[in-house]
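Peer 1: Protein chains in written order, with full-length UniProt numbering: chain D, 1 to 338; chain R, 1 to 338; chain Y, 1 to 338; chain W, 1 to 338. Don't be surprised by glycine CBs; every beta carbon is placed ideally from N, CA and C. This structure is in structure tokens; I'll ask about it shortly.
Number of protein chains: 4
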Amino acid sequence: MIIVLKPKISENDVQELVNKVESFGLTAHVSKGAETTIIGMVGDVTKVDPKQLEVSPVVERVMHVSEPYKLANRAFHPEDSIIDVDGVKVGGDHLALIAGPCSVESKEQVIAIAKEAKAAGANMLRGGAFKPRTSPYAFQGMGTEGLDILVAAKKETGLPIVSELMSADYIEEFNEKVDLVQIGARNMQNFDLLKEVGKRCTKPVLLKRGLSATYEEWIMSAEYIMASGNPNVILCERGVRTYETYTRNTLDLQAIPVIKRLTHLPIIIDPSHAGGKWWLVEPMAKAAVAAGCDGLMIEVHNDPEHALCDGPQSLKPAKYTELLKQVGAIGEIVGKSL
Amino acid sequence: MIIVLKPKISENDVQELVNKVESFGLTAHVSKGAETTIIGMVGDVTKVDPKQLEVSPVVERVMHVSEPYKLANRAFHPEDSIIDVDGVKVGGDHLALIAGPCSVESKEQVIAIAKEAKAAGANMLRGGAFKPRTSPYAFQGMGTEGLDILVAAKKETGLPIVSELMSADYIEEFNEKVDLVQIGARNMQNFDLLKEVGKRCTKPVLLKRGLSATYEEWIMSAEYIMASGNPNVILCERGVRTYETYTRNTLDLQAIPVIKRLTHLPIIIDPSHAGGKWWLVEPMAKAAVAAGCDGLMIEVHNDPEHALCDGPQSLKPAKYTELLKQVGAIGEIVGKSL
Amino acid sequence: MIIVLKPKISENDVQELVNKVESFGLTAHVSKGAETTIIGMVGDVTKVDPKQLEVSPVVERVMHVSEPYKLANRAFHPEDSIIDVDGVKVGGDHLALIAGPCSVESKEQVIAIAKEAKAAGANMLRGGAFKPRTSPYAFQGMGTEGLDILVAAKKETGLPIVSELMSADYIEEFNEKVDLVQIGARNMQNFDLLKEVGKRCTKPVLLKRGLSATYEEWIMSAEYIMASGNPNVILCERGVRTYETYTRNTLDLQAIPVIKRLTHLPIIIDPSHAGGKWWLVEPMAKAAVAAGCDGLMIEVHNDPEHALCDGPQSLKPAKYTELLKQVGAIGEIVGKSL
Amino acid sequence: MIIVLKPKISENDVQELVNKVESFGLTAHVSKGAETTIIGMVGDVTKVDPKQLEVSPVVERVMHVSEPYKLANRAFHPEDSIIDVDGVKVGGDHLALIAGPCSVESKEQVIAIAKEAKAAGANMLRGGAFKPRTSPYAFQGMGTEGLDILVAAKKETGLPIVSELMSADYIEEFNEKVDLVQIGARNMQNFDLLKEVGKRCTKPVLLKRGLSATYEEWIMSAEYIMASGNPNVILCERGVRTYETYTRNTLDLQAIPVIKRLTHLPIIIDPSHAGGKWWLVEPMAKAAVAAGCDGLMIEVHNDPEHALCDGPQSLKPAKYTELLKQVGAIGEIVGKSL
């Protein structure tokens, strides 16, 4: 961390700041320029809040020169993390292919879709049992009954289950029934939930990027889970909010190389939620794999016109099958195996 | 709600959509143009998800023509709601003046600030006991001990207490100790928390706008609380995320007239968190009152340089006292009394 | 275009609006619901400004149901446009591979880079002679001398030339020396320049997306050029401005399927400017081709450390050569030939 | 400017960077920490492009510690600039009140509005003769004829004229007829126009903020005009583009204190274009004055329902008269005289 001082300040002021820095258990390096004096802080700065220094009237700015995260940081863990989701590996040269309906609607539906998804090449099954909805009047999901349907579908197909957790009250139930516990975009900074998931959740966590979360905030949320005891975090980019409204969100595929550079965690892409239109899913899924992602989460529905939620962004199984063929071919070029 | 059909579709397709609309218990009005056919849906459309119609291959677009919220809607409740916070009225021509430190740090600190804030003219005391922090390594607040300090400060000054709730586990404790329960920006779409607060919280709720929440999403979150049983919601604008990084966030004061037009709920402004710099607080506080807001929430600290959080955006009591004088004069011009 | 009226308005008000609609030479279809009355406008609405109707106190909203552009519209021109840039085809199943330095710095530099780019597989040469720079004190480009260097490089390699035009004063010089005339992101809504380019420019135009331009605004700027007489427009996505600052801009690859759906114009991607870091170029270039783009514009520099501009985002020729191999393989899978 | 080096680099690498810094005519201060080495650059860094340093493989980041602008910088010109617009002072404790129609439509219209605006208290007249329109099919303004109508209105009322310049070809005509030359938001980074206006325009310039321009970019565009020879620049905030679409743009009133801190130039606010709805104008105009702005530019139209452009955001003269009364009272509180 660097403290940039205002021009023309006294020796006394500099000394006072040096004392403050040292009171944090850090060493201060003063560098005096003709116009600007700079104090470099050396030591473990993760617990220093830059605002505590910025408040000083002689400080112009405080700047980070290193990242505030440790456990997720590639610098301290150069190898790719490979996360095991009930036998399916995510990360490295493995490609997670998660498919399924937006919400669980009935046992018949989920089992039918799961079978078709598996036949197409999917290796995990997604389905929402607890649904975060903007409106209190919209369908809120089947809850526990929905989870049990997913468990039944797993029994039929062997596909591990991905489902969203919205409240810490259900962690133990998810530990029992779900294989990869999703934290949704709207809860990415629900810090109490992150801590509880870190402490009590025994399964890997799929952490979606918040609607307007920076890379650093997103990684810091992963750090919350990891620092609370659960090291198995997979990140999921699902589009960010911009001024453009023709698409539901703007899919940020630069997130793939950025996350891989900053962290050792796997990153998968959800092209269904990003665009909100089924005809965007196919080109974006292929693009994501070409860019080096570790997996795709895609909404597949056998009857999108009667889906209770997100029908317009769901692929029919035939389209999905066709897509996975091209995805496989592109994956081979960039070093990913299905 | 209006369904715009694709060009050149058959009578059959139109009829099928009409049937679908009627299956929702609504009436369909078909309007056939030379190029475009439109179906108007008449009835209670709050429970219809536009996506269920958009998925049809003959549908171009589905457009709302009325708002999806009811309880918060000004159209069904033309009078301003005036919320009573332990005797302090918020809304109408009343101006809530909430002041206090970002976080509760010690009994002496909070009582000293509370006394000075009251002397300056504040009518409520804020203080964070549970703190949402981006980093798991940052100070997370004093918790229950912090709430008890706030209660002690209320005993000394009589000022009602505002504090942030981060988990439903603490609702009963907040009901006992806090007068206005804040839901933070990062939890604005933590729907499980909103529902529990609606059901179990007996105190009014201060709902902060999410970092990139639209007006409609924000109002829908108020609707969640209201529909779950708690009608006493006050909205709080605290800056939204934009591309500009010189300020912490961009304060959206247009929110004041917009919220007042769309809803009957009071809206207050938090200029401290919006800009993140103390010298922005004063001009923005005055601007907010000139624009017709129902209150101001301002960070006041007697020793910002040693504050454990958000020092750079805190005003010293002398500055706050001076500010309230100008705020009072502007309030008078626009019809608000201190 | 649809006019949604406010609730409870009189027959007279409706009739007045119908008269206004008819005064524009359009037909009005009135559809009366229980709560809302809607007027559909039928005819050529491209010249109607919705604001002229919204101003009426009985109008709630005016909504487009069709696009405001005609010449660029896929609906009226279902076939892909294929643009000929001095023999190199752009669009359809052709892939434009534009490479070269950010700015022209010297004859030796440009010719050396052009030869290496050609050897790697590039089929066009880019180079800035007139540079749009945020600071008036930064290097502003070599101007005419720079164009002449590009002409010399074309003589050596045969590669058609792409360069940015910043002022209508130079259109004739560009007609003579340049093969594809670039309009930069910052001039995307410099409407006087667009009109002059439409009228006087005899070469195809490469229209970059503005920093925060919507798809519709971007297409409307193409429409300006086309309506002024030049039908040969290629669109170029180069990243949009968001709240994320780790990358220079956020590359919006959904633009590829969206632009292809809405228009018949080719779209190419500039991954170098989007991310601003060389290590983002490779994954994003592959992603763009996988998503179906019609070309890539990539900064290639033989000595990025001494480049006068944008060194950090430039690839060295060896990296570029390697990249084009993977790009070619992915292109084959999605139906594009090098 | 500070160069942050990557961890664990050699003495040689440091020395090479020091040489590079010195080759720019600057002095290098090396500060070696346990983990990070930092090089401070001392001297005139305005001409150094950080990217030329960032490209080095041993450089982590290059950070500005001082602003890249000089002529506009408050640091080098602590007094407020007061700009004289044909006798009307803008800046200091003066309040510019610019009113008039969006576009000039006829002589009768403009003269009628000008008289009413003057009677209400306006001290300048605005009117668009050359109109930047998103669509090539929309009304593009009356051009020279429009300017002549404004001149006639000035003759009748004495109000100085503000009008937008879109092409350098008209600078001499504007010098003759217009008193304050507006550069629109879409041309804020049309650098060729800025340079020509700096060189050839003899009147003060009103520089609107671009739709997604940062404060620094906006000030740099003022710097372009000033560095090219015209020191008389007034800045105008008119809303920035965000994800919120209910309002046309998000008005950023924090721009007022920020611009006043960073520069010595006056800043005025255009609440009409920001919100796009007439009922937002009044509260935002009052807020802007309370926040300390140097003027207001407001669209006033005597017949908004038949205005050729932007009717919905125009105030009728009676509303404007009423508004100026409150604006005057608020101005007095914050030290501005009408």
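#1: Measure the alpha-carbon distance for A213/Y versus A75/R and round it to whole angstroms.
#2: Which of helix, strand or coil does DSSP assign to K89/D?
#3: Is it a yes or a no for the segment 100-116 of chain D touching the segment 58-72 of chain D, going by three-plus beta-carbon pairs under 8 angstroms?
#4: At a CB-CB cut-off below 8 angstroms, which residues of chain Y make contact with P132/W?
#5: Does the Cβ of T144/D have 16 or more other Cβ atoms within 10 Å, making it buried, or fewer, making it exposed?
#6: Is the shortest distance between the beta-carbon of V55/R and the beta-carbons of chain D less than 9 angstroms?
#7: Please give the ranges of any alpha helix (DSSP H) in the segment 20-97 of chain Y, keeping only runs that are unbroken, at least 4 residues long and fully inside the region.
#8: Within a Cβ cutoff of 7 angstroms, which residues of the same chain sit near A285/R, ignoring the five residues on either side of it in sequence?
#9: List the endpoints of the continuous beta strand (DSSP E) containing R126/R.
#10: Strictly under 9 angstroms for the Cβ-Cβ distance: is G311/D near chain R by that measure?
#11: Run down chain D in chain order and give the residues with a C-beta less than 8 angstroms from the C-beta of R238/W.
#12: Closest by CA to M63/Y, which one among E216/R, I3/R, V334/R and Y170/R?
#13: Could you name the residues of the same chain whose beta carbon sits closer than 6 angstroms to that of K177/Y, not counting the 5 residues immediately before and after it, in chain order?
#14: Could you give the residue range of the beta strand (DSSP E) that holds K277/Y?
#15: Does the beta-carbon distance from N187/D to M166/D come in below 9 angstroms?
#16: Is there a Cβ of chain Y sitting closer than 9 angstroms to that of T157/R, yes or no?
#17: On the premise that L253/Y lies in contact with A222/Y, defined as a C-beta separation below 8 angstroms, what is that separation, rounded to the nearest angstrom?
#18: Show which residues of chain R have a CB atom less than 9 angstroms away from the CB atom of I38/Y.
#19: Would you check if there are 3 or more beta carbon pairs closer than 8 angstroms linking the segment 81-93 of chain D to the segment 12-31 of chain D?
#20: Thinking A122/W and L159/W are a contact (beta carbons under 8 angstroms), I'd like their distance in whole angstroms, please.
#21: Strictly below 7 angstroms CB to CB, what residues from chain D border E223/R?
#22: Okay, do the segment 223-240 of chain W and the segment 258-268 of chain Y touch, 3+ Cβ pairs below 8 angstroms being the bar?
#23: Measure the alpha-carbon distance for T250/R versus G239/R and round it to whole angstroms.
#24: Under 7 angstroms Cβ-Cβ, which residues of chain W neighbour Y243/D?
#25: Using DSSP's beta-bridge definition, name the partner residues of G100/W.
#26: Spatial neighbours of C309/D within its chain, please: C-beta separation below 6 angstroms, excluding the five flanking residues on both sides.
#27: Which same chain residues, not among the five before or five after V42/Y, have their C-beta less than 8 angstroms away from its C-beta?
#28: 9 angstroms is my cut-off, CB to CB: does R61/W come that close to chain D?
#29: What's the C-alpha gap between E156/W and F139/W?
#30: Could you give the residue range of the beta strand (DSSP E) that holds S163/R?
#31: With distances taken Cα to Cα, identify the nearest neighbour of L125/W among V181/W, T134/W and P136/W.
#32: Could you give the distance in angstroms between the alpha-carbon of H273/Y and the alpha-carbon of F174/R?
#33: Hey, T36/Y and E60/Y: beta-carbon distance below 9 angstroms or not?
#34: In whole angstroms, give me the CA-to-CA distance for P136/W and F130/Y.
#35: Residues of chain Y with CB closer than 7 angstroms to the CB of P283/D, please, in chain order.
#36: For D270/Y, name the three-state secondary structure that DSSP assigns.
Peer 2: In short, the structure shows the following:
#1: 34 angstroms
#2: Secondary structure at K89/D: strand, using DSSP grouped into helix, strand and coil.
#3: no
#4: The contacting residues are Q189 and F191.
#5: T144/D should be labelled exposed.
#6: yes
#7: 50-54
#8: P271, L296, I298, L323 and V327
#9: M124 to R126
#10: yes
#11: Near R238/W there are no residues of chain D at all, since even the closest Cβ is about 16 angstroms away, more than 8 angstroms.
#12: I3/R
#13: L147 and V151
#14: Looking at the DSSP string, K277/Y is not in any beta strand (DSSP E), and its letter there is neither H nor E.
#15: The answer is yes: Cβ separation under 9 angstroms.
#16: By this cut-off, T157/R is not an interface position.
#17: The Cβ separation is near 19 angstroms, so there is no contact.
#18: I2, H29, S31, I38, G40 and V65
#19: no
#20: 7 angstroms
#21: P136
#22: No, they do not touch.
#23: 5 angstroms
#24: R241, T242 and Y243
#25: E299/W
#26: Taking C-beta separations shorter than 6 angstroms and ignoring five residues to either side along the sequence, the partners of C309/D in its chain run C102 and S103, following chain order.
#27: L26, T27, A28 and H29
#28: yes
#29: E156/W and F139/W: Cα-Cα distance of roughly 27 angstroms.
#30: I161 to E164
#31: Nearest C-alpha to L125/W: V181/W.
#32: 51 angstroms
#33: yes
#34: 27 angstroms
#35: I256, P257, A291 and G292
#36: coil
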